[in-house]
């Protein structure tokens, strides 16, 4: 095995609906939107990641932007494979190699994934020269990334709000005791904002603008200690067809997102109600940990805390918590073998 070890590279991938992150040699080398632009005539992929993201909503009929992952799973097999391939090729340390090395990969997947969807992820990785492919459940990876010792006989609750799904899990002894995966996360928030702007302001905005609104003034509650300033939003007036600008406050966005956040809260409550009593006692002491990009929504931790009467903590750098955990599992495959799916 020694010689082949020399030819094998280890990479950890967080294949997300919104962003794909890759760790190589303990560093995050790729952090890019999960989106590709395809030429409709030749069928070739012309851009991936940030480049393709800039094209979103601005393409002509010959170029189509595709998000290959939907709700955390592969929706477009071909595009996702091309995207993974191009991301791996652009890892700086692998660019210098004369031939493509074999890869040992750990990839994270949503906890509510089916066998078929799991196989799609695995096959995509094998086609980009993945010789050893391990899968790890997202809440598990998030827990490791936050710094929780998951092998302890102690209950911890993780809520990972990504782009496509929100993963809620209670973890103890290196396993998931009870979990819930809901298809309400960043993308649904973005669509809520688009719908709100249409119905309340007669303004038609695109996905990119809605995403910008969410990041700039998005909030989960209308009582914030340090509220963000109002934001000017440009789009198309649905009545006159002319471009126009309106001022939007964070309170409006909190109202727009209210129903979706309520459904996440309900899912958290449901998971708590299924938790065995001994673990519930642990969670009462340790609280709930939030990870994923959605946890950065202003006031979300306070809101979940009010609903559950438990302390809620946001992971440091929540966007990278899952990929950090995936990277740690990759470094310590023997230790985490029981939670990795081969």
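In my numbering, the protein residues as written are 1 to 342. Quick reminder that beta carbons are idealized off the backbone N, C-alpha and C, glycines included.
Just to confirm, is the Cβ distance from residue i to residue j under 8 Å?
i, j, result
"residue 249", "residue 237", "no"
"residue 326", "residue 13", "yes"
"residue 240", "residue 178", "no"
"residue 92", "residue 29", "yes"
"residue 221", "residue 185", "no"
"residue 322", "residue 291", "yes"
"residue 131", "residue 103", "yes"
"residue 135", "residue 314", "no"
"residue 203", "residue 244", "yes"
"residue 49", "residue 32", "yes"
"residue 209", "residue 233", "yes"
"residue 161", "residue 256", "no"
With 8 Å as the threshold, decide whether the Cβ of residue i is near any Cβ in chain B.
i, result
"residue 267", "Here chain B cannot be found, since the structure has a single protein chain."
Taking all protein chains shown into account, decide if residue i is buried (16 or more other Cβ within 10 angstroms of its Cβ) or exposed.
i, result
"residue 62", "exposed"
"residue 346", "Shown here, the chain extends from 1 to 342; a query on residue 346 therefore has no answer."
"residue 189", "buried"
"residue 187", "buried"
"residue 219", "buried"
"residue 360", "Limits of the chain in this structure are 1 at one end and 342 at the other, which puts residue 360 out of reach."
"residue 74", "buried"
"residue 60", "exposed"
"residue 116", "exposed"
"residue 19", "buried"
"residue 7", "exposed"
"residue 109", "buried"
"residue 111", "buried"
"residue 146", "buried"
"residue 149", "exposed"
"residue 320", "buried"
"residue 318", "buried"
"residue 225", "exposed"
Tell me whether residue i sits in a helix, a strand or coil according to DSSP, three-state version.
i, result
"residue 18", "coil"
"residue 127", "helix"
"residue 73", "strand"
"residue 336", "helix"
"residue 38", "strand"
"residue 62", "coil"
"residue 329", "helix"
"residue 274", "helix"
"residue 342", "coil"
"residue 231", "strand"
"residue 139", "helix"
"residue 258", "helix"
"residue 154", "coil"
"residue 214", "helix"
"residue 80", "helix"
"residue 322", "helix"
"residue 305", "helix"
"residue 180", "strand"
"residue 263", "helix"
"residue 198", "helix"
"residue 67", "coil"
"residue 283", "helix"
"residue 96", "coil"
Who does residue i pair with in a DSSP beta bridge?
i, result
"residue 105", "11, 133"
"residue 313", "289"
"residue 175", "172"
"residue 203", "237"
"residue 160", "167, 291"
"residue 247", "232"
"residue 33", "19"
"residue 27", "24"
"residue 45", "38"
"residue 298", "219"
Can at least three beta-carbon pairs, one atom from the region 297-306 and one from the region 209-224, be found at a separation below 8 Å?
Contact between the region 297-306 and the region 209-224 is present: 3 or more CB-CB pairs across the two stretches fall below 8 Å.
If contact is defined by three or more beta carbon pairs under 8 Å, each pair taking one atom from either stretch, is the region 47-60 in contact with the region 26-39?
A contact exists between the region 26-39 and the region 47-60.
Tell me, please, whether the region 303-313 touches the region 259-269 by the rule of three or more beta-carbon pairs shorter than 8 Å.
Output reads yes: the region 259-269 touches the region 303-313.
Quick test of the definition: if touching needs 3 or more C-beta pairs under 8 Å, does the region 127-145 touch the region 154-172?
Counting Cβ pairs under 8 Å, three or more are found: they touch.
Does the region 82-101 come close enough to the region 193-209 to have 3 or more Cβ pairs within less than 8 Å?
In this structure the region 82-101 does not lie against the region 193-209, because fewer than three pairs of beta carbons, one per stretch, are closer than 8 Å.
Evaluate the contact criterion for the region 119-132 versus the region 143-163: three or more CB pairs, one atom per stretch, below 8 Å.
Cβ pair count under 8 Å is below three, so no.
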